[in-house]
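Written below as structure tokens is the structure these notes are about.
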Amino acid sequence: MSAGERVDEVAVPRFIALIPLVLAMLSMIGPFSIDTPFPAFPHIRDEFGVTTSELQLIVTAYMLAFAAMSIFHGPLSDSLGRRPVILWSVGAYAAASIACTFAPTFELLLVGRIVQGLSAGGATIVSRTVIRDMFEGEQAQRLMSRVALIFGLAPAIAPIVGGGLLQVGPWRLVFAFQVLLGVVLIIATLVVLPETHPVEARVPLRVGEVVRGLVEVGRQPAFHRLAWAGALGFGAQFLYIGGAAIFVVDLLGLGELDFWMLFVPMIGSMMVGSLISGRTAGLITQRKLVSIGYTITLLGALVGVGISASPLATDLPWAIIGPSLLGLGNGMAYPSIQLMTLDLLPTRRGAVMSCASFLALVFNAVAAVALTPYVATSTLGLALAALVISALGSLCGHGTARPPETSDSGVAERPVHRAADELAELVGTPVVAVVEQRTDRGFARGHEELDQDGELSAQFGRVPPPDHRRADPGGRLGLDEGACSAEALGERRIGFAGQQQVP
47 MSAGERVDEV AVPRFIALIP LVLAMLSMIG PFSIDTPFPA FPHIRDEFGV
97 TTSELQLIVT AYMLAFAAMS IFHGPLSDSL GRRPVILWSV GAYAAASIAC
147 TFAPTFELLL VGRIVQGLSA GGATIVSRTV IRDMFEGEQA QRLMSRVALI
197 FGLAPAIAPI VGGGLLQVGP WRLVFAFQVL LGVVLIIATL VVLPETHPVE
247 ARVPLRVGEV VRGLVEVGRQ PAFHRLAWAG ALGFGAQFLY IGGAAIFVVD
297 LLGLGELDFW MLFVPMIGSM MVGSLISGRT AGLITQRKLV SIGYTITLLG
347 ALVGVGISAS PLATDLPWAI IGPSLLGLGN GMAYPSIQLM TLDLLPTRRG
397 AVMSCASFLA LVFNAVAAVA LTPYVATSTL GLALAALVIS ALGSLCGHGT
447 ARPPETSDSG VAERPVHRAA DELAELVGTP VVAVVEQRTD RGFARGHEEL
497 DQDGELSAQF GRVPPPDHRR ADPGGRLGLD EGACSAEALG ERRIGFAGQQ
547 QVP
């Protein structure tokens, strides 16, 4: 089934053009929740009489709650569907923003921030899963890159929005803006986004089932390589983000209004990388793009060390070249990393994305607290730490670029018809398949596994959803959502429309 056919089944065509914008806006809830209140900190401190360190709890409370709940949003969407989780999450976010807007005490403001953090992940995490549900291959990569491109604007725009709101009203207007953002996203989700996870594909909503799904994700060796590649690759860049105050003001000797000198080149480079990722979809395989991206991040870290060890260590623009190359490489690799991660377990994409997000959040939070203050004593210390983390991320990233047992053409050497042969043994029905050996750029290695329910799932790399072949009670061979391009003898086709059955 082609990506176009899948979109037609789940979305009204006139709204397809708005889907990337809505998904990007859902992803932007996180940066807008963290960065928009920054300009209001002095006003909040003056009104409630709190210290500067206590003000940091506004960010810490949000991030800890976000990380704690991020592990559950994905599994919930696997059980309840994508739209309900997004809608309830954004609704709770809007309600929490109302509480922040009218908070009479600093303590109640923190409670509102905690609820914001608990709910925001439903939009940020599940929106990425929707992309993979709706699109496959080149289209999925283009859309993920487009969303990443728009998402990259958020950290740069959010403080500007917050500062502009303070020019026309009190600090509470910042949180009122977040209420408006939540309401707009609820309406946009209702009007534009379809439900991309059908009822028949959902898993039961039981604690044991949720835990089983998370354990299943954790047992995938490929998940750990991909998740750590994403976490470490961005972690090297996050050292400069988390230590921006030290790097810009203390080490470079710039002013408090000069943070843009770091963020504009670094975020701009990341957006360029995302643009390259989208433009090269179908021209360069995802694995090769990941390999190229992480080569650039490693090169950027090495350049950063070289410049930091030279007399140009604190001179502009030289001091920003290393972080900018980190952003460029991450922008190229990250969309493909996310898609490859989501393809590991197509029936539990929500759980996969939750686990990957949780790992990245925890790693970056720990690095910001336990590592950045100690390595950011000099530009060289910061650059060396970024080099070590980038090297580890590059090792994981390049590890994902070597799939076993594939031919030079990219077509799996283990042919699709072996799934039919194994299936025939299971159901006692002879199935002779004629396999069309496709060399599409989206066609990757296929592997078959027999799950606990006796279903034979053939997963085809970046051409999901897989076709699930099962023997039904009537002794007929059912095919759901086939994508394998194999044909049975005669006029019976295996895996094209996903509705045919072979006796």
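Add 46 to a position in the sequence shown, counting from 1, and you land on the number used in my numbering. Yeah, the Cβ is synthetic: ideal placement off N, Cα and C, and Gly gets one too.
Kindly indicate which residue of the options has the alpha-carbon position closest to the one of residue i.
| i | options | result |
| --- | --- | --- |
| Ser-275 | Leu-133, Ala-365 and Tyr-340 | Note that residue 275 is Ala in the sequence shown, not Ser. Checked all of Leu-133, Ala-365 and Tyr-340; the closest Cα to Ala-275 is Tyr-340. |
| Phe-197 | Ile-330, Ala-422 and Gly-319 | Gly-319 |
| Leu-426 | Thr-170, Tyr-286 and Asp-81 | Tyr-286 |
| Ala-431 | Ala-416, Ala-397 and Thr-170 | Ala-416 |
| Leu-335 | Gly-375, Phe-309, Val-351 and Leu-69 | Gly-375 |
| Pro-381 | Phe-404, Ser-424 and Thr-326 | Thr-326 |
| Leu-308 | Val-237, Val-263 and Ile-366 | Ile-366 |
| Val-434 | Pro-311, Phe-280 and Trp-217 | Phe-280 |
| Ala-141 | Thr-170, Phe-223 and Gly-215 | Phe-223 |
| Leu-405 | Gly-288, Ile-80 and Ala-113 | Ala-113 |
| Phe-181 | Ala-422, Asp-389 and Leu-321 | Asp-389 |
| Ala-111 | Ser-143, Phe-152, Gln-162 and Ala-414 | Gln-162 |
| Val-157 | Ser-436, Ile-144 and Trp-134 | Ile-144 |
| Leu-391 | Leu-155, Arg-265 and Ile-342 | Arg-265 |
| Ile-80 | Leu-195, Ile-117, Ala-138 and Val-207 | Val-207 |
| Pro-267 | Asp-179, Thr-387 and Phe-118 | Thr-387 |
| Ala-277 | Ala-138, Ile-90, Val-412 and Met-115 | Val-412 |
According to DSSP, is residue i part of a helix, a strand, or is it coil?
| i | result |
| --- | --- |
| Ala-359 | coil |
| Ala-149 | coil |
| Ala-379 | helix |
| Ala-592 | Residue 592 lies beyond the range of the chain shown here (47 to 549); nothing can be said about it. |
| Ala-422 | coil |
| Pro-216 | coil |
| Ala-534 | Only weak support exists for where Ala-534 lies, its pLDDT of 32 falling under 50; the value from the coordinates is given anyway. DSSP places Ala-534 in strand when its eight states are reduced to three. |
| Leu-472 | Because Leu-472 carries a pLDDT of 39, less than 50, the predicted location of this residue cannot be relied on, and the following value inherits that uncertainty. Three-state DSSP puts Leu-472 in a helix. |
| Gln-224 | helix |
| Ile-95 | Ile is not the amino acid found at residue 95; the sequence shown has Gly there. Gly-95 falls in the coil class under three-state DSSP. |
| His-89 | helix |
| His-119 | helix |
| Leu-64 | helix |
| Asp-81 | helix |
How would you label residue i, buried or exposed, when you count the other beta carbons within 10 angstroms and need 16 or more for buried?
| i | result |
| --- | --- |
| Ser-453 | Low local confidence applies: a pLDDT of 33 at Ser-453 is under 50, so the model's placement there is unreliable, with the coordinate-based value given in what follows. Exposed: under 16 other Cβ atoms inside 10 Å. |
| Thr-98 | exposed |
| Arg-192 | buried |
| Ser-356 | exposed |
| Tyr-556 | The requested residue 556 does not occur in the structure, where the chain is confined to residues 47 to 549. |
| Val-68 | buried |
| Ile-65 | buried |
| Pro-85 | buried |
| Leu-227 | buried |
| Arg-333 | buried |
| Phe-148 | exposed |
| Ile-233 | exposed |
| Val-136 | buried |
| Arg-174 | buried |
| Val-257 | exposed |
| Gly-95 | exposed |
| Leu-154 | exposed |
| Pro-311 | buried |
| Glu-246 | exposed |
| Val-263 | buried |
Given a cut-off of 8 Å, decide if residue j and residue i are closer than it, judged by their beta-carbon atoms.
| i | j | result |
| --- | --- | --- |
| Leu-372 | Ala-282 | yes |
| Gly-120 | Met-399 | yes |
| Ala-166 | Ile-75 | yes |
| Gly-368 | Ala-347 | yes |
| Arg-248 | Asp-124 | yes |
| Ala-107 | Ile-160 | yes |
| Phe-78 | Ala-202 | no |
| Leu-72 | Ile-132 | yes |
| Gly-439 | Ser-337 | no |
| Cys-401 | Leu-236 | no |
| Glu-241 | Arg-394 | no |
| Met-378 | Ser-424 | no |
| Pro-83 | Val-230 | no |
| Ala-186 | Leu-441 | no |
| Leu-272 | Val-176 | no |
| Leu-428 | Leu-251 | no |
| Thr-343 | Ser-436 | yes |
| Gly-288 | Ala-414 | yes |
| Gly-396 | Val-172 | yes |
Quick check: is the beta carbon of residue i nearer than 8 Å to any beta carbon in chain D?
| i | result |
| --- | --- |
| Ala-166 | Although the question refers to chain D, the structure presented lacks it and comprises just one protein chain. |
- What runs of the alpha helix (DSSP H), each 4 residues or longer, lie entirely inside the region 263 to 304? Entirely contained in the region 263 to 304, the alpha helix (DSSP H) runs reaching 4 residues are, in chain order, 267 to 288.
- Give, in chain order, every unbroken run of the alpha helix (DSSP H) that is at least 4 residues long and sits entirely within the region 123 to 199. For the region 123 to 199, whole alpha helix (DSSP H) runs of length 4 or above, ordered along the chain, are 128 to 147, 152 to 180 and 183 to 197.
- Task: Would you list, in sequence order, the uninterrupted alpha helix (DSSP H) runs of no fewer than 4 residues that lie entirely inside the region 394 to 419?
- Result: You should have 395 to 412.
- Item | Contiguous alpha helix (DSSP H) assignments of at least 4 residues, all confined to the region 306 to 339 | The DSSP assignment places 306 to 325 as complete runs of the alpha helix (DSSP H) inside the region 306 to 339, in order along the chain (cut-off: 4 residues).
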